[in-house]
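Worksheet: the structure to be examined is printed underneath.
Number of protein chains: 2
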Amino acid sequence: MTTQLDDALRGLVSPVMKQSAEAEHVPCEKVRDEVALGHAVIPYNPIHAPSRPAVVGRAFGTKVNANLGRSTVRSGIDEEMDKLSVALCAGADFVMDLSVGEELEAVRTEMLSRCCVPLGTVPIYEALSRASGDISGLTPELLLSVIADQAEQGVDFMTLHAGLLAAHVPLTKKRVMGIVSRGGAALAEWMKNNDTENPLYTRWAEVLEICHAHDVTVSLGDGLRPGCLADAGDAAQFAELDVLGELVQSCRAAGVQVMVEGPGHVPFNEIQMNMEREHTTCDGAPFYVLGPVVTDIAPGYDHITSCIGATAAACYGASLLCYVTPAEHLGLPTSEEVRQGVIASRIAAHAGDVARGLPGARTRDDAISEARMRFDWEKQFELAIDGDYARARYEKTRDASAGEDDHCSMCGREFCAVRTSRRIHDRTD
Amino acid sequence: MTTQLDDALRGLVSPVMKQSAEAEHVPCEKVRDEVALGHAVIPYNPIHAPSRPAVVGRAFGTKVNANLGRSTVRSGIDEEMDKLSVALCAGADFVMDLSVGEELEAVRTEMLSRCCVPLGTVPIYEALSRASGDISGLTPELLLSVIADQAEQGVDFMTLHAGLLAAHVPLTKKRVMGIVSRGGAALAEWMKNNDTENPLYTRWAEVLEICHAHDVTVSLGDGLRPGCLADAGDAAQFAELDVLGELVQSCRAAGVQVMVEGPGHVPFNEIQMNMEREHTTCDGAPFYVLGPVVTDIAPGYDHITSCIGATAAACYGASLLCYVTPAEHLGLPTSEEVRQGVIASRIAAHAGDVARGLPGARTRDDAISEARMRFDWEKQFELAIDGDYARARYEKTRDASAGEDDHCSMCGREFCAVRTSRRIHDRTD
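Top line first, the protein sequences correspond to chains A and B. Taking this note's numbering, the leading residue of the first sequence gets 1, the next gets one more, and so forth. Taking this note's numbering, the leading residue of the second sequence gets 430, the next gets one more, and so forth.
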């Protein structure tokens, strides 16, 4: 078994690299070279073999991940399968199953069978769930065996909080929000209770062996990501990042693909610095960000607060955006909230790609604007990020009396600036 | 009659300056000095005398404007009054009545009587409406008389596209979207048809006389703002901006308060440059931006695309954000869309204020985060930008079985990172 990274380092273009390159409209050698450098990853476990793999890296379009999964108190297999379908229809490039509690394997099995894109997990959730949520039941062996089981089941990428060390935990004591990563907090408590080091860190070689055997892409978790603006950019966050930088090198040395997870809640003006610091510390490994959420005061609208931060992140250094739904900080999202989250993140990914001048990114903007100037509504809906919604909204207040679609109800026919502008320049098409 | 600017230049602190300063928690001398420099304005026509005036400028919190008003084919007085109420409840600091068509004076009269915040208009809309939407009926006298009538009626600020000159119109010929400003397009067509200069420019002294007599704040319209990414930052946009810079000086010399309107559709990476260029060209006059919308491909979600750009604008130089609703590019907004637009813009204003380090801006973020760590839900809702919505959303998936509010349905009780984190640091409150 060779990984995509092994192949790339040997100069081989794998079928998955070829497929990813076609989706990006770039030569497959470009994908191969970026993967070889560790500047891109293609999460793809051959056991799952997702039919729509995608390459994650700065040389390519910014991608979007949707977090799904039941909690102990809400949802079940049917609801999560509905959310999966909604997330894929809305355009998610990656999906994570973050289920905790019971039925974990059943949910994941069903999700893998229906998921045409790469699927990720956070194995410590299952380890904790097998211990019935009781941290004292966690052991290094349990954690390793969950990682192995999930790899064998076909999971394409895994969040592993291997950089959160025992020495970092006291750094979070004065934080306003402490440790807001579910896996990070559990590991920190376990380390404290047992007065020992992070088992993912101490047994990292074994973890890498499993990941290599199934080409599971490692997503180095940021267990100490800030959970509010007050905690952003503190010593805890960057101490962990330094360790993540070391772990990137060990992954690459083992032929294991690796990306790095990032914050969290970050003021808008500090996002560029965060992206650059990660890039330097982690030697250009793809950065996978959650948000960043740019203010703490908008529960119910955190798809928007994160979309603001995600656009800046995509502009300055991120390659994969984890969506945040409007339910964040309030509860488990519904299917409609999943949809809202994916759309908002796709807006950020696209706006970021346009801003950083990714070749071809603006083509679609120019095409929709030309259609707008021609009052070609169907073309606009075809090019829109959510054409069905745009069409329904247009129809809702369409001026039926006019019999013509050469205006909308915003201004009405006589006052339409586009019509006036067309007259000024004698446009007849 | 003296204007706020006249008073400030004489070293006087007016009651309105005092009231504005109290709302900002700053000394009233600071408001006076910023107004005297022309770096801030307080739109306040004594005939309207809004009970909640606000100061607009970089030394103060970023403000939000909501555009209301009927079109020729949708809405009427009752609907617009409902939207006004919604916009004010959602926290709009300013409101504009952009009605066109019939009943204009009736709508405006009703709106002025109910509007506790400063109200703005675009007088050319009424001039055109009086000419039944027929541009050939427009005359300089008609335009001046509308401006005078509206000033006497109590309008607090007016968008005047006085910087759009006849020489600029050919610069828009190769644009993808031409002229997308309703007023700008109308003036351009009138200039072309009559082969003459912009009457607002040629009779500017008379306009200023009216504005001075009623302390109407001039909002210099950007008739040539780009309507798509392809047109952003072109010769037309900046040629008009240069004229706006001259007009700022003439307003100040006449004792008339003035702010400057800005784009439009702008790629994320060009927003900072736009803000800095306006600041230089217009000698620090407050910048009032529409969006900027950072991608053209998201009709139905332009409250989000604009909120991204508006955050960057607020961070780098804008003082007043004009909301964009989800209906933009598709139709006249409903009340709910008005609400969504105001909330999104308030998020941008706040995130921008935090990012630029406005003193005190982050206090509310820190307070809500502390409440979040304590599971004090009511305090969170009290501090949230839309607490009613956040409460309802929390309740919707609240874990009723637990009997305790020390978690939410996102993770459930056993897997809650905040609970784990509290245990790690032995927090008991």
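Each residue gets a CB set at the ideal place from its N, CA and C atoms; glycine is no exception. Keep in mind it's a predicted model, so treat the numbers as computed, not measured.
- At a beta-carbon threshold of 9 Å, the residues of chain A lying near Leu658 (chain B) are Val354, Arg362, Asp365, Asp366, Ser369, ordered along the chain.
- In summary, the residues of the region 469 to 501 of chain B whose CB is separated from some CB of chain A by less than 7 Å are Ser500, Thr501, in the order they occur in the chain.
- One thing to note: Gln582 (chain B) has its Cβ no nearer than 7 Å to the Cβ of Thr550 (chain B).
- Taken in chain order, the unbroken stretches of alpha helix (DSSP H) that lie wholly in the region 783 to 843 of chain B and span 4 residues or more are 792 to 802, 806 to 812, 816 to 825.
- The three-state secondary structure of Val672 (chain B), taken from DSSP, is helix.
- Here Glu197 (chain A) is not bridged, per DSSP, to any residue.
- One thing to note: Leu567 (chain B) has its Cβ no nearer than 7 Å to the Cβ of Ala577 (chain B).
- In this structure, the alpha-carbon of Leu320 (chain A) lies about 24 Å from that of Ala773 (chain B).
- Just so you know, the alpha carbons of Ala351 (chain A) and Lys512 (chain B) end up roughly 30 Å apart.
- Remark: C-beta atoms of Cys744 (chain B) and Ala784 (chain B) approach each other more closely than 7 Å.
- Interface annotation, Asn698 (chain B): in contact with chain A, CB-CB separation under 7 Å.
- Contact with chain B is absent for Phe375 (chain A), since none of that chain's Cβ atoms lies less than 7 Å from the residue's Cβ.
- With contacts defined by Cβ atoms closer than 7 Å, Leu200 (chain A) and Ala253 (chain A) do not form a contacting pair.
- Our two residues, Trp633 (chain B) and Val677 (chain B), have alpha carbons roughly 12 Å apart in a direct line.
- Counting only Cβ-Cβ distances below 7 Å, Arg423 (chain A) has contacts in chain B at Glu618, in chain order.
- Cβ proximity to chain B below 9 Å picks out His407, Cys408, Ser409, Met410, Cys411, Gly412, Arg413, Glu414, Phe415, Cys416, Ala417, Val418, Arg419 from the region 404 to 419 of chain A.
- Counting C-beta pairs with one atom in each stretch, the region 514 to 527 of chain B and the region 754 to 773 of chain B have three or more that are closer than 8 Å, which means they touch.
- As the crow flies, the alpha-carbon of Tyr44 (chain A) is around 20 Å from that of Ser250 (chain A).
- Between Val718 (chain B) and chain A, the shortest Cβ-Cβ separation is not below 7 Å.
- Looking only at A:Gly264, A:Glu370, A:Cys115, A:Pro299, the smallest Cα-Cα distance to Phe810 (chain B) is reached by A:Pro299.
- Listed along chain B is no residue with a C-beta nearer than 8 Å to that of Ala36 (chain A); the closest approach is about 29 Å.
- When DSSP assignments are scanned along the region 540 to 624 of chain B, the uninterrupted stretches of alpha helix (DSSP H) that are 4 or more residues long and fall wholly within it turn out to be 552 to 559, 569 to 582, 611 to 623.
- A check of alpha carbon separations from Asp405 (chain A) across A:Arg374, A:Ala392, A:Ile424, A:Leu128 identifies A:Arg374 as the nearest.
- Classified as buried, Glu240 (chain A) has 16 or more neighbouring CB atoms from the shown chains inside 10 Å of its CB.
- Between Met273 (chain A) and Cys228 (chain A), the CB-CB gap reaches or exceeds 7 Å.
- Secondary structure at Leu320 (chain A): strand, using DSSP grouped into helix, strand and coil.
- Rounded to whole angstroms, the gap between the alpha carbons of Met191 (chain A) and Ala185 (chain A) is 10 Å.
- Neighbours of Lys192 (chain A) across chain B, judged by C-beta separation under 7 Å: Ile853.
- Counting the other CB atoms within 10 Å of its CB gives Lys492 (chain B) a total of 16 or more, which places it among the buried residues.
- Within the model, the alpha-carbon separation for Leu142 (chain A) versus Pro788 (chain B) is close to 50 Å.
- Classified as buried, Leu761 (chain B) has 16 or more neighbouring CB atoms from the shown chains inside 10 Å of its CB.
- For Ala49 (chain A), the closest C-alpha among the options A:Glu276, A:Phe157, A:Glu22, A:Glu270 is that of A:Phe157.
- Gly498 (chain B) sits buried, since 16 or more C-beta atoms from the chains shown fall within 10 Å of its C-beta.
- Val258 (chain A) carries a strand assignment under DSSP once its states are collapsed to helix, strand and coil.
- Take the alpha-carbon of Glu395 (chain A) and the one of Gly490 (chain B): they are about 38 Å apart.
- At a beta-carbon threshold of 8 Å, the residues of chain A lying near Ser610 (chain B) are Ala417, ordered along the chain.
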